[in-house]
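**Q**
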Amino acid sequence: MESMGRVTPSTLSTKDLPWQILWNKEKCTLCGGCTAVCPVRAIDLGVHRKRSLQVPVGLETKPGNLFSIYHGIDQRTDPAHACVGCGMCTMVCPNGAIAPLHSEGIDKLRFHVNQGGEPRRRGGRRNNPDSVLDKIKFIRISMLTDPALDAGRHEFELRTLLGRVLPPEEMLKVSRENGWMPPVREIYPLVIGSMSFGALSPNMWEGLQMGVAYLNEELGMPVRVCTGEGGCPPRLLKSRFLKYVILQIASGYFGWDEIIHSLPQMKEDPCAIEIKYGQGAKPGDGGLLMWYKVNKLIAAIRGVPQGISLPSPPTHQTKYSIEEAVAKMIQSMSMAWGFRVPVYPKISATSTAMAVLNNLTRNPYAAGLAIDGEDGGTGAAYNVSMDHMGHPIASNLRDAYLTLVKLGKQNEIPLFAGGGIGKNGNLAANAAALIMLGASGVQTGKYIMQAAAGCLGSEGDRCNVCNVGVCPKGITSQDPRLDRRLDPEQVAQRVVDLYLSFDTELKKIVAPLGRSTSLPIGMSDALGINDADAAERLNIKYVL
Amino acid sequence: MTKKDSIKIAGVENNIRVESRILEERIQKAVEDGYRQIEVTAYGQHGIGGRLWRSGDKPIKVDVLGTSGQRLGSMGFASTVIEAFGPASDDVGWLNAGAEIIVHGNATNGTANAMAQGKVYIDGDIGARGMTMTKHNPRFEPPELWVFGKVGDSFAEFMAGGIAVVCGAGSEEEKNVLGYRPCVGMVGGKIFFRGRQENYSKADAKLLIDLPGDEWQWLQTNMKRFLQAIGKQYLFDQLASKREEWQLLVARKPSEKLARAVKSMAKYRKEVWEGELGTGGVIGDLSSLDRSPIGLIPTGDLRRFIPVWANEKYLPPCQAACPTGIPVQKRWELIRQGKVDEAVDLALQYTPFPATVCGYLCPNLCMQNCTRHLVSLQAVDVTLLGKASLSAKEPVRLPETGKKIAVIGGGASGLSVAWQLWLKGHQTVIMEGKKQLGGKITDSIPKNRIPNDVVEYEISRLAKNIHQVHLGKPLTKDRFLKLRNENDYIVIAAGAAKPRKLNIPGMEKTLTALEFLQQSKLDCAKVGEKVIVIGAGNVGCDAATEAFRLGAKSVTLIDVQEPASFGVERKHAEAAGAKFLWPRFTKTVTDKGVELADGELLPAETVIVAVGDMPDLSFLPEGIATERGFIVVDENYATSDAQVYAIGDAVRPGLLTDAIGAGRIAARTIDDLLRGADQTYDKLPVINYERVKLQYFDPRISEFADTSSCATNCASCGACRDCGMCVEICPQKAISRSQTPAGGFEYIVDSERCIGCGFCIGACPTGVWEIVENAPLE
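Chains D and G supply the protein sequences, listed in that same order.
Note that my numbering has the first sequence beginning at 1, numbered continuously upward.
Note that my numbering has the second sequence beginning at 1001, numbered continuously upward.
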């Protein structure tokens, strides 16, 4: 783009952008695919004038100018249309003539995305590939000492418990006195974390649900999926598949009116109720589903009129203390299903998590605690919240578990860990590390989006346009023009594939520990790390 | 065999067990010594009977009495036959390389594990993990395991070859004669079994219920040998006469491996998922939209963006910048179409002074704002077109309306509004206090700026049409009110003809610039050698230039601030030798010249004051609001009296084109009011010049020879030049040109072909095409 000779403080060249579009004039066939598919319209057709001086050899005649025009793919440089590196152009190019390349240096765009005084907001993740979970090794491999198991041929029952487990003496007392026994679910230890209908496209959301139902019904894996805030389609609420679903309630309370209305027609209880107090990716930041995304479908499911913005504040409006928040919410949610459904809070990993946990230990109705670490993903947040706020999951979870150990309640309140599990693709290893650090199970969302739906996001700030509804894969868009790029059936199949492969990998990790029927929860003697500080902090072995 | 060949080896000597190592040494020695019939009284020794290659091809028979240890006959050779007269421990025939091993009793776990050749005959049951890891080396016959009874769990794990036969004798009622989960990881070989088997690794093995003929044949043939070996020939009929009792498990070939013996997702979705939820899945009841998968580059309604041919939906910068509002690019377009006369004629629709102003006196804001100019291309030269307007044909006047409007003032703005109102069929009366029409154009703009005949021609063109022109009658309040009663509207275009004066001593010794310029135009002004002009604006510059013309030796312009003069006025003054001084504050004007506040004296014979002019509004009745001497108007030039409009310098000082434009807008407004029409004039936004593609033009043009060359190089911002670029660039051939019923043309998009790539937008030279988001589907 010609600068028109004038620059503003925010005039950038392509060199200043995080991604540069490399376009090959020789290969390009000008088919229009790249510009048609680009989610942010970062490229367009440009007109170029070439000049060459025609100089006759021997200077027998006067030299002359020769101009010619050609058309090519130009990269736009205004912040609103900066390339996000998704690479859809490359995907559709028949000739391999175009590709985004990540800038080597630090881009200048970051200093100009705040046009109009609005700091950067985006979807995605922290854009930091560091992961302490990836560094954890499983150092206890039994060959001859313990009954070593063969992951390939041994039968495993990798299950965990979600729900309050009473200590034996209390359990005996309750059963003797016909008292109330807290509901406990035996579930698969990898839970699909909360991603709302609204944050996800209808096809994505349905694909996840279908895959989960398939895993349960065809493969006997009791996998559970959390709805996220935003309700649940009434058809699902009234179906038998509801038992595979963890319903989430969060500060916006969206969709709960429809859920309440569906209560009389429910064939099954949901697996559990998750009360969301915080999200690891953006602690202290709320959510806002912009009015233009609240289409007919979203409106119907959330039980609101079409075309209004839907704010989910950072905090619940009527809760002023841990005691009150936890007691009040757990009571209400338990009551809705006659105290037959486990109810647990989910919080952002935080230095104050122990206070919440301590409180839960004193509340017999608390079914567990989910802690979501800073490496979680989100559909939309302020960049500053995503990049700079939050607590890593490993040490927070570890502290929580060791707190329970001190109280002697480590087998009573299950901890579920989330946030960055599998962020670099090592889903089973990360999950197993957290389990051995003390988690009863793990929750993951991002990995599912990447593996089941082909999310293009990376830890290198690629794509990350979930927040503006232009997801090029149709994962987070409410626009059927994008949503329909995703086939729910294929998503479901990928969910199945990834769970089966996760299962195999998890077995490969736990089989050498001789575990096949009970998860090695808190079996931290199996863990090592070649970082002495991390080893000390996590109370695991330092190995070199 | 002879007695000489045979030897007995004891596993216990003097009540002490012989170590496996010693027993092995003794057996090997016996073979070396030529013994071929060896009877071992075992006491749990390991690996008895294996590795007896020293006999070469000569057959060796090892009878094992007593208690066999683990791995009976391990690594056995083909010439060896081992017969254990009692049960055997783990791993019978381990890594068997050809021996025939007969066990008269049960064998425990691992029977035939890793066997590659030979035969293992068990007259009983076996424990877990039998026939595991067995191989078939193609150089030899496959190994065989025969079991009279049943086998334990995990049978045939990782079996890679060989044949197992499980007769199931005595286990006819068992649910699983092959135990729990046989065949996991099995990749080769086969298993004949008699009896029932519910579970086995279906991914690895396939079950043949009807035994094929050749397999049955083989089984019957070899069954005899087995029964003979274990001494139970009499059971042949019982075991091997009913083909239907036998089944065969065969390892799946790699090509036959089942990924998972489960429902396809498509089937699950259709039958189970939608069976429970209803057609359309979780939201089938909430949305009727098609949700079937689509590709990445769809057409029609599924395009995210659609191109729009927004022809003339934005103003070109030239037209937008022209206060008179002349559609400059439309005129170039007409020239490109060869309609030169129409292009010239068009101007008179907008101004009565196309030649005088556009051709000479205007600073040509259109050119200053030309898109081409913005990227250092030469702006197309509108003065050529202006000058050509002398030959313009007068526009057709609308029919007489009988409405009357009085215009007070016959300068640029008054003549503009009168001309426009006359064109619209109204009667106009021009009241001009001076003896001639034209205002500043005729009475104070220096002669060198424009040929006199051009002005005269354009004024006469107007005057001959507007008959009611009253000259030389100064207006009073009474006459104003009378005019107001006699006319439908009054437009005040009285100009600013009252020079502003300085409140300093000696003012009477000065000339006002207006007086001076008017006199000089009539060639009756006189100046001294040294001239000071107080006020260095454009009028001051004109005065300075004229002073030189009239014989001044030096002219100095002073101002209290940096002079605001620009353009030709400034250039002419500078060229003539004028000096500019600022900031200078005048204290008094004396006979010697100008004395400044700081005491300095600037000597001068003639002092001209050019600090602006004020309107003379002495005729204005009380009711019409003014501010600082100028009439207050709204955006359409209506005064506080709805019947009275005011335009030109009487409202605010400006360029000629400002005055002419104000006249046009006021006329349009009055015409609307008279006709009772709504004011529906589009206020079109100016086109974003980045939409216009100047790369198509030659950047090295520095001057335009003629209007035709200008027309070619006009970028035609926002107005289609019908070049057909879009039709050609469209990769889908989705754009076509079509004739409109009105005789014009338009470019249309076939939405079923268009992919919304925006190439038409990118390539369009004029920026007519724009891309918009497609309407939401729901």
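The beta carbon of each residue, even a glycine, is placed where N, CA and C say it ideally should be.
1) Does chain D have any CB closer than 9 Å to the CB of V1749 of chain G?
2) Could you list which residues in chain D have their beta carbon closer than 7 Å to that of R1304 of chain G, in chain order?
3) List the residues of chain G whose Cβ lies closer than 7 Å to the Cβ of P233 of chain D, in chain order.
4) Are there 16 or more other CB atoms within 10 angstroms of the CB of M1186 of chain G, so buried, or fewer, so exposed?
5) Could you list the residues in the stretch 368-385 of chain D with a C-beta less than 9 Å from some C-beta on chain G, going in chain order?
6) Can you find a CB in chain D that lies within less than 9 Å of the CB of S1554 of chain G?
7) From the beta carbon of N1113 of chain G, is the nearest beta carbon of chain D less than 9 Å away?
8) Where DSSP assigns a beta bridge to Y542 of chain D, which residues make up the other side?
9) Using DSSP with H/G/I as helix, E/B as strand and the rest coil, what is V1644 of chain G?
10) Whole-angstrom Cβ separation of A1160 of chain G and K1135 of chain G, contact assumed at under 8 Å?
11) Would you mind giving the Cβ-Cβ distance between G1833 of chain G and G1149 of chain G, rounded to the nearest angstrom? I have them listed as a contact below 8 Å.
12) Should the stretch 1766-1778 of chain G be regarded as contacting the stretch 1719-1728 of chain G, the criterion being three or more beta carbon pairs within less than 8 Å?
13) How many whole angstroms separate the CB atoms of A1610 of chain G and G1537 of chain G, which I take to be in contact at a CB cut-off of 8 Å?
14) Under 7 Å Cβ to Cβ from E2 of chain D, same chain only, skipping five residues before and after it: list those, please.
15) Alpha carbon to alpha carbon, what distance is there between A1088 of chain G and M1001 of chain G?
16) Nearest chain G C-beta to E229 of chain D closer than 9 Å, yes or no?
17) In terms of residues, what are the limits of the alpha helix (DSSP H) holding S175 of chain D?
18) Helix, strand or coil, according to DSSP, for E2 of chain D in the structure here?
19) Could you confirm whether any beta carbon from chain G is found closer than 9 Å to the beta carbon of M88 of chain D?
20) With a threshold of 9 Å between beta carbons, is M195 of chain D in contact with chain G?
21) Output the distance between the C-alpha atoms of V1165 of chain G and K473 of chain D, rounded to the nearest integer angstrom.
22) Return no unless some Cβ of chain D is closer than 9 Å to the Cβ of Q1732 of chain G.
23) Return yes when the Cβ of A367 of chain D is within less than 9 Å of the Cβ of P414 of chain D, no when it is not.
24) Go to A1798 of chain G, then tell me how far its alpha helix (DSSP H) extends in each direction, as first and last residue.
25) Could you have a look at G1767 of chain G and say whether DSSP puts it in helix, strand or coil?
26) Below 8 Å CB to CB, which residues in the same chain sit around K1509 of chain G once its five sequence neighbours on both sides are set aside?
27) Classify E104 of chain D: buried if its beta carbon has 16 or more other beta carbons within 10 angstroms, exposed otherwise.
28) Which whole runs of the alpha helix (DSSP H) in the stretch 1630-1717 of chain G are 4 residues long or more, in chain order?
29) By the 10 Å Cβ neighbour count, where 16 or more other Cβ atoms means buried, how is S348 of chain D classified, buried or exposed?
30) Between the C-alpha atoms of K50 of chain D and R1372 of chain G, what's the straight-line distance to the nearest angstrom?
31) Per DSSP, what are the beta-bridge partners of H102 of chain D in this structure?
32) Contact check, C463 of chain D vs C86 of chain D under 8 Å by CB: the rounded distance?
33) Out of curiosity, what's the CA-to-CA distance linking V294 of chain D and S309 of chain D?
34) From the beta carbon of C31 of chain D, is the nearest beta carbon of chain G less than 9 Å away?
35) Consult DSSP for A272 of chain D and reduce its assignment to one of helix, strand or coil.
36) Report the residues of the stretch 1246-1267 of chain G with a CB closer than 8 Å to any CB of chain D, ordered along the chain.
**A** On the basis of the data shown:
1) No - not a single Cβ of chain D is within 9 Å of the one on V1749 of chain G.
2) Against chain D, a Cβ distance below 7 Å from R1304 of chain G picks out R481.
3) Here the neighbours are V1282, I1283 and L1286.
4) Buried is the call here.
5) Residues of the stretch 368-385 of chain D whose Cβ lies closer than 9 Å to any Cβ of chain G: none.
6) Taking Cβ atoms only, chain D never reaches closer than 9 Å to S1554 of chain G, which makes this a no.
7) Not one beta carbon of chain D lies nearer than 9 Å to the beta carbon of N1113 of chain G.
8) Partner(s): D:I529.
9) Strand.
10) That belief holds up - the Cβ atoms of A1160 of chain G and K1135 of chain G are roughly 5 Å apart, short of 8 Å.
11) What is shown of chain G runs 1001 to 1778, which leaves residue 1833 of chain G out entirely.
12) The stretch 1719-1728 of chain G and the stretch 1766-1778 of chain G touch, with three or more beta-carbon pairs separated by less than 8 Å.
13) With a Cβ gap of about 6 Å, A1610 of chain G and G1537 of chain G count as contacting.
14) Since pLDDT at E2 of chain D reaches only 41, below the 50 mark, its modelled position is unreliable, and no value is offered.
15) Below a pLDDT of 50, predicted positions are generally treated as unreliable, and M1001 of chain G, at 48, falls in that range; the measurement from the model is reported next regardless. One C-alpha to the other measures close to 26 Å.
16) Interface with chain G (9 Å Cβ-Cβ cutoff): E229 of chain D is excluded.
17) First-last of the alpha helix (DSSP H) with S175 of chain D: P168 to R176.
18) Annotation note: pLDDT 41 at E2 of chain D (below 50); position unreliable, coordinate value reported separately. Reduced to three states, the DSSP call for E2 of chain D is coil.
19) So, interface residue.
20) It does not: the Cβ of M195 of chain D has no partner Cβ on chain G nearer than 9 Å.
21) Take the alpha-carbon of V1165 of chain G and the one of K473 of chain D: they are about 55 Å apart.
22) For Q1732 of chain G, the answer is yes, since a Cβ of chain D falls inside 9 Å of its Cβ.
23) Their beta carbons are under 9 Å apart, which means P414 of chain D touches A367 of chain D by this criterion.
24) The shown model of chain G, from 1001 to 1778, leaves out residue 1798 of chain G, and the question about it has no answer.
25) The three-state reading of DSSP puts G1767 of chain G in coil, since its state is none of H, G, I, E or B.
26) V1589, T1590, D1591 and V1607, listed in sequence order.
27) When all chains shown are included, E104 of chain D counts as exposed.
28) With a minimum length of 4 residues, the unbroken runs of alpha helix (DSSP H) contained wholly in the stretch 1630-1717 of chain G fall at 1656-1675 and 1707-1713.
29) Buried: at least 16 other Cβ atoms inside 10 Å.
30) So the alpha carbons of these two residues sit roughly 18 Å apart.
31) The partner list for H102 of chain D (beta bridge, DSSP) reads D:W19.
32) About 4 Å separates the two Cβ atoms, so the contact holds.
33) In this model, V294 of chain D and S309 of chain D are separated by some 7 Å (Cα to Cα).
34) Chain G, which has a Cβ nearer than 9 Å to the Cβ of C31 of chain D, makes this yes.
35) Three-state DSSP puts A272 of chain D in a strand.
36) Within the stretch 1246-1267 of chain G, the residues whose Cβ lies closer than 8 Å to any Cβ of chain D are, in chain order, R1260, V1262, K1263, M1265 and A1266.
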